[in-house]
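Following: one structure in structure tokens, then a few remarks.
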Amino acid sequence: MIQLKTDFLTELGRHLGKHPDKEQILAEYDSHITEMLEEFNGSERDESDISTDLYARLGSPEEIADSWREELSTTPMKTQWVFILANLVFFAGGTILTLVHNLFDFPFIDLAWKSLTSIPAVIILLYLFFWALLGYEIGKGFGHKGRRLMKKTFILSILPNIILMNLTLFKLIPHDWFQPLLSPIFIIICILFTALLYPICWIGYRWGKKGFHLIFLVYYIDILCI
1 MIQLKTDFLT ELGRHLGKHP DKEQILAEYD SHITEMLEEF NGSERDESDI
51 STDLYARLGS PEEIADSWRE ELSTTPMKTQ WVFILANLVF FAGGTILTLV
101 HNLFDFPFID LAWKSLTSIP AVIILLYLFF WALLGYEIGK GFGHKGRRLM
151 KKTFILSILP NIILMNLTLF KLIPHDWFQP LLSPIFIIIC ILFTALLYPI
201 CWIGYRWGKK GFHLIFLVYY IDILCI
């Protein structure tokens with residue numbers, strides 16, 4: 001049975017390749033397999049049956065390596081840029097729509113503009129959902145280690161919004177371009193909701209972090225069952 005464990009770990013190491021956590025992963029599975037093999041001490045089961053049971057519980061070395069590589073692909077930098085680029089897409093889309101609406105005469109663009117400016121509350125709620133999702137995904141993916149990532153991603157993502165708001169408030173961008181949105185009440189609402197974006201992002205992060213802890217709880221329960 002020792003040879004069975006050695007063969008399994010050797011194959012797992014080969015599939016892991018140059019994974020940065022390779023040694024820790026191998027040590028972890030070494031421990032799991034040792035515990036499993038102790039269960040079979042004194043049993044009359046042959047090695048092929050034990051091998052089948054081992055693969056059924058843990059998965060094949062290739063499957064295990066694939067799952068660890070998939071986890072590795074979710075890096076803080078990738079997560080950060082996904083949300084920064086998503087916010088830039090919203091920002092650029094709104095900017096292009098505004099410019100085309102005010103500088104050119106395209107009926108379908110005018111229709112789109114009128115449709116969007118008639119539902120500002122819906123747009124605000126969708127945008128709040130985006131920031132809550134940002135916090136949630138970071139909390140779910142990185143747990144307590146993601147708090148600094150969340151702050152950095154939030155600051156970088158919101159910079160275009162702050163710049164646009166200041167350009168508009170100081171009339172560096174013609175107010176006529178944003179009619180009928182630029183009523184005093186709507187401006188106050190925008191400032192208020194901008195101030196609420198970080199708390200909403202933080203609430204999403206806390207919620208996602210609970211999901212992160214739940215995933216690890218299920219994982220450890222599964223290991224104990226093994």
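Numbering follows this note's numbering, in which position 22 of the sequence shown is assigned residue number 22; successive positions increment by one, without gaps.
Quick reminder that beta carbons are idealized off the backbone N, C-alpha and C, glycines included.
- In this structure, Leu128 is the residue among Leu26, Leu128, Pro61 and Ala112 with its C-alpha nearest to the C-alpha of Asn87.
- In the three-state reduction of the DSSP assignment, Phe129 falls in the helix class, which pools H, G and I.
- Looking from the CA of Glu35, the closest CA among Glu62, Glu23, Glu47 and Lys5 belongs to Lys5.
- Using a Cβ distance threshold of 8 Å, Thr153 and Phe83 count as a contacting pair.
- In this structure His144 is exposed. Its beta-carbon is surrounded by fewer than 16 other beta-carbon atoms within 10 angstroms.
- For Asn41, there is no enclosing alpha helix (DSSP H), as DSSP marks it with neither H nor E.
- Approximately 17 Å separates the beta-carbon atoms of Met165 and Cys201; this is outside 8 Å, ruling out the contact.
- Within a 10 Å sphere around the beta-carbon of Ser31 sit fewer than 16 other beta-carbons, which makes this residue exposed.
- Your pair Gly204 and Gly94 does not check out as a contact, with CB atoms roughly 22 Å apart and the cut at 8 Å.
- Taking 8 Å as the cut-off, the Cβ atoms of Leu97 and Ala112 count as close.
- Per DSSP, the continuous alpha helix (DSSP H) segment holding Thr79 begins and ends at Pro76 to Leu103.
- Ser60 carries a coil assignment under DSSP once its states are collapsed to helix, strand and coil.
- Comparing alpha carbon positions, the residue from Thr168, Gly139 and Ile191 closest to Lys210 is Gly139.
- Here His15 has Pro61, Glu62 and Ala65 as same chain residues with Cβ atoms under 7 Å from its own Cβ, once five neighbours each way along the sequence are excluded.
- Burial check for Gln3: the Cβ neighbour count within 10 Å stays below 16, so the residue is exposed.
- Taking a contact as a CB-CB distance under 8 Å, the pair Leu26 and Leu54 does not count as one, their CB atoms being some 15 Å apart.
- In the three-state DSSP reduction, Phe8 falls in the helix class (H, G or I).
- DSSP, read as helix, strand or coil, puts Ile2 in helix.
- Uninterrupted alpha helix (DSSP H) stretches at least 4 residues long and entirely within the stretch 161-199 do not occur.
- It is roughly 11 Å from the alpha-carbon of Glu47 to the alpha-carbon of Asn41.
- The criterion of a C-beta distance shorter than 8 Å is satisfied by Leu197 and Trp131.
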